[in-house]
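Quick notes on the structure that follows.
2 protein chains.
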Amino acid sequence: MAKGTKERMIEATARLIQLRGLHGVSLSEILSESGAPRGSLYFHFPGGKESVVLAAMQAGINEATEILEACLTEATDPAAGVRAFFDAAAEEMANTEYAFGCPVAPIILDAPGMDSELASACRAALDEWTAMYRNAMVAAGVEHGRAERLALTIVASLEGALIMARGGRDASLIREVGDEMGMMVSQALTPPHH
Amino acid sequence: MAKGTKERMIEATARLIQLRGLHGVSLSEILSESGAPRGSLYFHFPGGKESVVLAAMQAGINEATEILEACLTEATDPAAGVRAFFDAAAEEMANTEYAFGCPVAPIILDAPGMDSELASACRAALDEWTAMYRNAMVAAGVEHGRAERLALTIVASLEGALIMARGGRDASLIREVGDEMGMMVSQALTPPHH
DNA sequence: CGAAATATGACGATCGGTCTATATAGTATG
DNA sequence: CATACTATATAGACCGATCGTCATATTTCG
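Quick mapping for you: the protein sequence lines, in order, are chains L and Y.
Note that my numbering gives residue 103 to position 103 of the first sequence, counting from 1, and the numbers run on in steps of one.
Note that my numbering gives residue 1084 to position 84 of the second sequence, counting from 1, and the numbers run on in steps of one.
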């Protein structure tokens, strides 16, 4: 019946990191949240804390990637997809009492160096999200370089909007930024004739 | 003479928080970096760790606010001001080996609740920066509501760009996002006739 | 039954932040 | 010049928390 112990540890870790950041989370907290004793963690994650954190972050990344994928494919055009994803993030943030955010941001800000496995996973996730936006816009006819820059801007503005929303406890901010980004993408799709 | 002891503590705290986040910094580190003995910290900051952190964050906020103020007033129009500030941030990030970022983001992500003095200082700073952008754009003729939304987006995208730049060790990303934001502002200043 | 997989929680070395004493300036006063 | 006094700064004891380890139990299955 220990089917879910590992999963509970991962979930607890992910939740706690969102609340207090990488270094604000202790093993004791993770264990008491997941209802497991101390040694069990080192059975499931021989690498110790960094191992659980990596797993928790990967889980969060995968979830976010799936939702973004869905938003982009289900939307009629990239601009609508962007708005849909920002709206989803805003809703999630409000539903979780502002205990929600990007899975990688807290790691990047807390991690000491860029040499760790954690850091490269962060980079990979950011690159993938950027590529997804870019590909969607390129497929819709946006020039490659412009699409790349726009994609970077979209990812950055969501990242920042999540932080600001949490700081001000105002999720509607995310939606407003998403609208602006949607407008930006729309204009790139139908450039003004000169 | 200990004329600069307090200042050294504040500087060390600010630098270390940028590196490892609020909870990743220990008093021992702050003290060894600032060359002061243990008890001296509680003389200068009776409130303990939270007190030093607050002072360090305020120092960072003030510095950023001054630079932003300069960029916006010296520029010929808000779009140029935005680009100038993003460029300055990119340069600072590259110059410090990517040990630079927003003074408030690490606090927001690491702080547990929104009731602390730290949290309200974060909110105040974000609000002030947003207001500065908004006012500059309103003065340049942008409608109030639009200016507010644009200002939010600018702050958010810089916030996010700093995180992404650090994660990927690529400061040019900040400049690219700044260019996109500049374009956005320019279009808001000279709306297309329909 | 026996063997592999999982769970358990006590343990130690280290480090965390906080606080109460103690020492050093610097200045005022007779 | 000496003493008293106060602001400033230092010193280190304190206790609880931290992470990682390990020897021992318990379960799960062939």
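Just so it is clear, CB atoms sit at the ideal spot from N, CA and C, and this is done for glycine as well.
Exercise. What do you get for L/G35, buried or exposed, if any count of 16 or more other CB atoms within 10 angstroms of its CB means buried?
Worked result: In the first sequence, residue 35 of chain L corresponds to position 35, counting from 1. L/G35 comes out exposed.
For this session: Would you kindly work out how many angstroms separate the C-alpha atoms of L/A79 and Y/P1191, rounded to a whole number?
Result: Residue mapping note: residue 79 of chain L aligns to position 79 of the first sequence, counting from 1. Residue mapping note: residue 1191 of chain Y aligns to position 191 of the second sequence, counting from 1. Approximately 20 Å, taken between the alpha carbons.
For this session: Sort L/E7, L/A156, L/Q18, L/L31 by Cα distance to Y/D1110 and report the nearest one.
Result: The residue given as residue 1110 of chain Y occupies position 110 in the second sequence. Of L/E7, L/A156, L/Q18, L/L31, the residue nearest in Cα terms is L/Q18.
For this session: Using a Cβ-Cβ cut-off of less than 7 Å, list which residues of the segment 1070-1081 of chain Y approach chain L; keep chain order.
Result: none
Problem set entry | Length-filtered (4 minimum) alpha helix (DSSP H) runs lying within the segment 1048-1115 of chain Y | 1049-1074, 1078-1095, 1105-1110
For this session: Indicate whether at least one CB of chain L lies closer than 8 Å to the CB of Y/L1016.
Result: The residue labelled residue 1016 of chain Y in the question sits at position 16 within the second sequence. Y/L1016 does not count as touching chain L.
Problem set entry | DSSP-derived helix/strand/coil call for L/A2 | Reading the first sequence from its first residue, position 2 is the one you call residue 2 of chain L. Only weak support is given to the placement of L/A2: the predicted model assigns it a pLDDT of 41, under 50, and the question is left unresolved by the model.
Exercise. For a contact meaning CB atoms closer than 7 Å, what does Y/S1157 contact in chain L?
Worked result: Within the second sequence, numbered from 1, the residue matching residue 1157 of chain Y stands at position 157. Ordered by position in chain L, the residues that pass the 7 Å Cβ test against Y/S1157 are T153, A156, S157, G160.
Exercise. For Y/M1181, which of Y/V1155, Y/R1166, Y/S1172 has the nearest alpha-carbon?
Worked result: One-based indexing of the second sequence puts residue 1181 of chain Y at position 181. Measuring from the Cα of Y/M1181, the nearest candidate turns out to be Y/V1155.
For this session: Note down, in chain order, each residue of its chain lying with its Cβ closer than 8 Å to the Cβ of L/P37, except the 5 sequence neighbours on either side.
Result: Position 37 of the first sequence, counted from the first residue, corresponds to residue 37 of chain L. Excluding positions up to five away in sequence, the list reads L31.
Problem set entry | Separation of Y/S1116 from L/A171, as counted between CA atoms | In the first sequence, residue 171 of chain L corresponds to position 171, counting from 1. In the second sequence, residue 1116 of chain Y corresponds to position 116, counting from 1. Looking at the two C-alpha atoms, the distance is approximately 20 Å.
Exercise. Applying a beta-carbon distance threshold of less than 7 Å, which residues of chain Y neighbour L/E176?
Worked result: Residue mapping note: residue 176 of chain L aligns to position 176 of the first sequence, counting from 1. Near L/E176 (Cβ distances below 7 Å), the residues of chain Y are R1149, L1152.
For this session: Report yes if the CB atom of L/G160 is closer than 8 Å to the CB atom of L/P103, and no otherwise.
Result: Within the first sequence, numbered from 1, the residue matching residue 160 of chain L stands at position 160. Within the first sequence, numbered from 1, the residue matching residue 103 of chain L stands at position 103. Cβ atoms of L/G160 and L/P103: not closer than 8 Å.
For this session: Answer with yes or no whether the minimum CB distance from L/H23 to chain Y is below 8 Å.
Result: Here residue 23 of chain L refers to the residue found at position 23 of the first sequence. Yes, contact with chain Y.
For this session: Report the neighbours of L/L54 on chain Y: residues whose CB is nearer than 7 Å to its CB, in chain order.
Result: By one-based count along the first sequence, residue 54 of chain L stands at place 54. Correct list: empty, because the minimum Cβ distance to chain Y is about 15 Å.
Problem set entry | L/M1 classed as buried or exposed, judged by whether at least 16 other C-beta atoms fall within 10 angstroms | Within the first sequence, numbered from 1, the residue matching residue 1 of chain L stands at position 1. In this prediction, L/M1 scores a pLDDT of 37, lower than 50, which makes its location untrustworthy; no coordinate-derived value is stated.
Exercise. Does the segment 1044-1053 of chain Y come close enough to the segment 45-65 of chain L that 3 or more CB-CB pairs lie under 8 Å?
Worked result: no
Exercise. For L/E63, does the count of other Cβ atoms within 10 angstroms reach 16, so buried, or fall short, so exposed?
Worked result: The residue you call residue 63 of chain L lines up with position 63 of the first sequence. L/E63 is exposed by the Cβ-count criterion.
Exercise. What is the rounded straight-line gap between the Cα of L/A131 and the Cα of L/A124?
Worked result: Position 131 of the first sequence, counted from the first residue, corresponds to residue 131 of chain L. Position 124 of the first sequence, counted from the first residue, corresponds to residue 124 of chain L. Distance between the alpha carbons of L/A131 and L/A124: 10 Å.
For this session: Tell me whether Y/F1043 is buried or exposed, calling it buried when 16 or more other Cβ atoms sit within 10 Å of its Cβ.
Result: Locating residue 1043 of chain Y in the second sequence gives position 43, where the first residue counts as 1. By the 10 Å Cβ count, Y/F1043 comes out exposed.
Exercise. Name the chain Y residues whose beta carbon is nearer than 7 Å to that of L/I108?
Worked result: Against the first sequence, residue 108 of chain L aligns to sequence position 108. Those are I1163, R1166, G1167, listed as they occur along chain Y.
Exercise. What separation, rounded to the nearest whole angstrom, lies between the Cα atoms of L/D179 and Y/L1027?
Worked result: Position 179 of the first sequence, counting from 1, holds the residue named residue 179 of chain L. Position 27 of the second sequence, counting from 1, holds the residue named residue 1027 of chain Y. Near 43 Å, if we compare the C-alpha coordinates of Y/L1027 and L/D179.
Problem set entry | Of the listed residues L/A12, L/A140, L/T96, L/A56, nearest to L/A195 (C-alpha basis) | Only positions 1 to 194 of chain L appear in the structure, and residue 195 of chain L is not among them; the question remains open.
For this session: State yes or no: is the C-beta of Y/E1092 within less than 8 Å of the C-beta of Y/F1100?
Result: Position 92 of the second sequence, counting from 1, holds the residue named residue 1092 of chain Y. Position 100 of the second sequence, counting from 1, holds the residue named residue 1100 of chain Y. Taking 8 Å as the Cβ cut-off, Y/E1092 and Y/F1100 qualify as a contacting pair.
Problem set entry | Residues that L/L126 contacts on chain Y, provided the C-beta gap is smaller than 8 Å | Within the first sequence, numbered from 1, the residue matching residue 126 of chain L stands at position 126. Simply M1164, G1167, G1168.
Problem set entry | Interface flag, Y/A1090 vs chain L, CB-CB below 8 Å | In the second sequence, residue 1090 of chain Y corresponds to position 90, counting from 1. So, not an interface residue.
For this session: Identify the continuous alpha helix (DSSP H) that holds Y/S1028 and give its terminal residues.
Result: Your numbering for residue 1028 of chain Y matches position 28 in the second sequence. Here the alpha helix (DSSP H) through Y/S1028 covers 1027-1034.
Exercise. My guess is that L/I174 and L/A165 are in contact by the Cβ rule of under 8 Å, so how many angstroms apart are they, rounded?
Worked result: For the purposes of this step, residue 174 of chain L is identified with residue 174 of the first sequence, where counting begins at 1. For the purposes of this step, residue 165 of chain L is identified with residue 165 of the first sequence, where counting begins at 1. The Cβ separation is near 5 Å, so the contact holds.
Exercise. Which of helix, strand or coil does DSSP assign to L/T13?
Worked result: Looking up residue 13 of chain L in the first sequence gives position 13. In the structure shown, L/T13 sits in a helix (DSSP, three-state: H, G or I).
For this session: Measuring only between beta-carbons, confirm whether Y/A1105 sits less than 8 Å from chain L.
Result: Stepping through the second sequence from its first residue, residue 1105 of chain Y is reached at position 105. It does: the Cβ of Y/A1105 has a partner Cβ on chain L nearer than 8 Å.
Exercise. Taking Cβ positions only, does Y/M1001 come closer than 8 Å to chain L?
Worked result: The count along the second sequence starts at 1 and reaches residue 1001 of chain Y at position 1. Residue confidence for Y/M1001 is low, a pLDDT of 35 falling below 50, so the modelled location carries little weight; the figure read from the coordinates is stated next. For Y/M1001, the answer is no, since every Cβ of chain L falls outside 8 Å of its Cβ.
Exercise. Mapping DSSP to helix, strand and coil, what is L/T130?
Worked result: For the purposes of this step, residue 130 of chain L is taken as residue 130 along the first sequence, with counting starting at 1. The answer is helix: DSSP assigns L/T130 an H, G or I state.
Exercise. Residues of chain L with CB under 7 Å from Y/E1180, in chain order?
Worked result: Here residue 1180 of chain Y refers to the residue found at position 180 when the second sequence is read from its first residue. Result: R149, L150, T153.
Exercise. For a contact meaning CB atoms closer than 8 Å, what does Y/M1184 contact in chain L?
Worked result: Numbered from its first residue, the second sequence carries residue 1184 of chain Y at position 184. Under the 8 Å cutoff, chain L gives E180, M184.
Exercise. Just to confirm, are L/G168 and L/P106 a CB contact at a threshold of 8 Å?
Worked result: In the first sequence, residue 168 of chain L corresponds to position 168, counting from 1. In the first sequence, residue 106 of chain L corresponds to position 106, counting from 1. It is not a contact, given that the beta carbons lie outside the stated cut-off.
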